[in-house]
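Protein chains: 2
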Amino acid sequence: MSDTALAAPRSTVHVALEGRGYDVEIGPGLIAGAGRLLVPLGARRVGVVTDENVARLHLDPLMASLEAGGLAASSTVVPAGEASKSFAVLEEVSNALLASKVERGDLVLALGGGVVGDLAGFAAAILRRGVRLVQMPTTLLAQVDSSVGGKTGINTRHGKNLIGAFHQPSLVLADADALSTLPLRDFRAGYAEVAKYGLINDAAFFRWLEDNWQEVFEGGPARTKAIAASCANKAGVVARDEFETGERALLNLGHTFGHALEAAVGYDDKRLVHGEGVAIGMALAFRFSAELGLVGADQADRVAAHLKAVGLPTRIQDVPGDLGDARRLLDLMGQDKKVKAGKLTFILARGVGQSFIANDVAPENVLSFLTSELSS
Amino acid sequence: MSDTALAAPRSTVHVALEGRGYDVEIGPGLIAGAGRLLVPLGARRVGVVTDENVARLHLDPLMASLEAGGLAASSTVVPAGEASKSFAVLEEVSNALLASKVERGDLVLALGGGVVGDLAGFAAAILRRGVRLVQMPTTLLAQVDSSVGGKTGINTRHGKNLIGAFHQPSLVLADADALSTLPLRDFRAGYAEVAKYGLINDAAFFRWLEDNWQEVFEGGPARTKAIAASCANKAGVVARDEFETGERALLNLGHTFGHALEAAVGYDDKRLVHGEGVAIGMALAFRFSAELGLVGADQADRVAAHLKAVGLPTRIQDVPGDLGDARRLLDLMGQDKKVKAGKLTFILARGVGQSFIANDVAPENVLSFLTSELSS
């Protein structure tokens, strides 16, 4: 690692959780500087978990940095893609961490996107009933969303993230340089979650994104600002509601629809990646809100227009191939975690930046809305 | 369920944990009375997990009681035995609970011994990132130990309980009638954990057990007293140290040796069950303490004499078949969770009721002790 790299300007966002608060560091050079940044955590061993793609790009400099920092590091590389969020891969990762004798005071380090973060985070949560976790997200999606807040988990045939744990990291290192190796499609998918924070509770941020999204895509200060603003927004929500008993559900804006779409394509990321599902889901949430008379159709159009402008999908029909009918999509929502007593919970909106939790959405209303969307 | 059954005298032990305290109810008729006892928890669905042996004896009356109590109940039956504490069975149980649509406000109910409690408890901990758990232990071991305190988990090829979670139950129902169907060997194995509480910090209880163990084995008030005293002792330790950062490690008296022996027989419960491993482990811990000059040999003899009197094993050679040499047993201890920086943690004793945590036991001392035990 170079001293110059670590000396470059960084943003720090603190997640204020009683007894287990932690920092999110955002800036360039953090992968190469990891060894030094982890010293304060006082571990002896670090079990790195990553995927094949990320390993090719970033594993060697990371391992060199950890070893230079005096840490005994081992690594486990899983196949890239959502299919690794399975019991089978979780078992492999767990056994690999045990084989490398990661003990209670040691660290699991997740180097990669949301899949690696969710999988390695869950492995850390259950290894010896819980060891500390460092998240080192290498995608925009993971940097602004999944690496912060402690949600970890795997998928089952019944749906996504239905098995998992709340396990807060001890540190998040978001290396801004890592995003320069991302394919445009992945960057766009992550951008959906950036826009989400504006739509939930920050109309000014959404307006700023409408004006500055090109610069965010190009990199530089606007990108760093967008990442830090997103992390700060999420940190606030998580600090107020760690276990999703209330406000935190707002972060699911677009996700109930989105998860159903992901399930409908069998988690085939050639057809749909998570952020694209969220983009369509947010557009649907605003149109559904308009149909329920909660918000003007102009606001729903504005949301869809911005997502479309950056190149994101906004309609169910934007997903290639057959997804089944409205009834099938509704059934796939029923297995989402956000079900209570037969009613569906949706995040709906009264305007941009004015989202709210609706706990008692009747399945019939959703069915008729989806039917009209599919035939539009 | 009969009103008479529930009206019979019960002992209640409260586990005082900030924000998630719960009661342990001990008495007759609790399986048949479960439907009524669960009403205050306000769930709609109960996903019962049990094993083949327990299902034959207790599942029908339990399901009838739950349904009479207005609860939608489903059940999953796993093979009996330690082998069910695996990733494969965990995945099956998780999928079964998802298929029966156990939601966040619902309950997982573990009906059975320690294996079922650990497995179902872990499934509850990770299902939708955590749903509530009711423990209904049907063995003495589970009633006095594993059902109280929130430790859950499965085994891997690297050792026992190396993957798991802390997940406190919302209620524990210990049906005293259920113990009358236990084979003597299982009752004895559970008794090892009862005696453990005396050895840790309650010399008067150990003395009482020396005088009254026959009545505990026969049933009736002495048995109930022994169970309640054990639960109360454990509840106190757990309330003071939920996550085993200190005092709770005392509950591992006999377990570091015991787990190594269990691993050495490949968790073959024909050769050794957990409580037998603990009995041998406690005898070894006292003899090791004597060898280190911490306690008189007469105290070690007293402990072994009582365990032997009730029919429990006290020497490594009491386990049938070959266990390997001292080096192998030591290596199996090294993968125990209780390792820190290459030193071994043992619970040693300065007397009956005077156990303490020794964090810095040198592996060489253990090796020489085991070598002498194996050649004695």
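Protein chains in written order, with this note's numbering: chain A, 1 to 376; chain B, 1 to 376.
Don't be surprised by glycine CBs; every beta carbon is placed ideally from N, CA and C.
Not a single CB atom of chain A sits nearer than 8 Å to the CB of H255/B. Only residues of its own chain outside the window of five on either side were considered, and among them T181 have a CB closer than 7 Å to the CB of L57/A, listed in chain order.
Using a CB distance below 7 Å, the part of the segment 64 to 94 of chain A facing chain B consists of F87, E91 and S94, ordered along the chain. Not a single C-beta of chain A is nearer than 8 Å to the C-beta of G296/B.
Taking all protein chains in view, the Cβ of E244/A is crowded by 16 or more other Cβ atoms within 10 Å, so the residue is classified as buried.
Within the segment 251 to 275 of chain B, not one residue has a Cβ closer than 8 Å to any Cβ of chain A. Sequence-distant Cβ neighbours of Q135/A in its own chain, meaning closer than 6 Å and more than five residues away, are A110, G117, S147, P169 and V172.
Residue contact with chain A for R129/B: present (Cβ-Cβ distance below 8 Å to some residue of chain A). DSSP places G159/B in no alpha helix (DSSP H) but in the uninterrupted beta strand (DSSP E) bounded by G159 to F166. At least one beta carbon of chain B lies nearer than 8 Å to the beta carbon of R157/A.
The beta carbons of V278/B and L199/B sit about 11 Å from each other, so the pair does not count as a contact at 8 Å. Chain B places no beta carbon closer than 8 Å to that of A304/A, leaving this residue out of the contacts. In this structure, the beta-carbon distance from G190/A to G275/A falls below 8 Å. Cβ contact annotation for D318/B (same chain, cutoff 7 Å, sequence separation greater than five): I280, in chain order. Q214/B carries a helical assignment under DSSP once its states are collapsed to helix, strand and coil. The CB of I31/A never comes closer than 9 Å to any CB in chain B; the least such distance is about 28 Å.
With a cut-off of 8 Å on Cβ pairs, the segment 68 to 83 of chain B is in contact with the segment 46 to 54 of chain B, counting three or more such pairs. Within the model, the alpha-carbon separation for A226/B versus L37/A is close to 52 Å. Chain A has a Cβ within less than 8 Å of the Cβ of F166/B. Under the DSSP assignment, Y197/A falls in the alpha helix (DSSP H) whose first and last residues are L184 to N201.
Nearest Cα to L250/A within the set L141/A, E210/A, G353/A and A123/A: G353/A. In the three-state DSSP reduction, Q299/B falls in the helix class (H, G or I). Counted as a single uninterrupted DSSP element, the beta strand (DSSP E) harbouring V134/A occupies residues R132 to P137. Annotation: the continuous alpha helix (DSSP H) that includes V115/B extends over G114 to I126. Within the same chain, Cβ atoms closer than 6 Å to the Cβ of G258/A are found at G277, V278 and G281, the five residues on either side in sequence being excluded.
Around the CB of S375/B, fewer than 16 other CB atoms lie within 10 Å, so the residue is classed as exposed.
Judged by their CB atoms, A264/A and R328/A are nearer to each other than the 8 Å cut-off. Taking a C-beta distance under 8 Å as the contact criterion, A174/B and I26/B qualify as a contact pair. At least 8 Å separates the beta-carbon of K196/A from that of L272/A. The alpha-carbon of G130/B is positioned some 8 Å away from that of G164/A. Short of 8 Å from the beta carbon of Y22/A, and not among the five residues preceding or following it, lie these beta carbons of its own chain, in chain order: H14, V15, Q168, P169, S170, L171 and V172.
K270/B: not part of any alpha helix (DSSP H); DSSP gives it neither H nor E. Here DSSP, grouped into helix, strand and coil, assigns E52/B to helix. Using a Cβ distance threshold of 8 Å, L71/B and A32/B do not count as a contacting pair. Chain B places a beta carbon closer than 8 Å to that of L98/A, counting this residue as a contact.
The continuous alpha helix (DSSP H) containing K225/B extends over residues P221 to R240.
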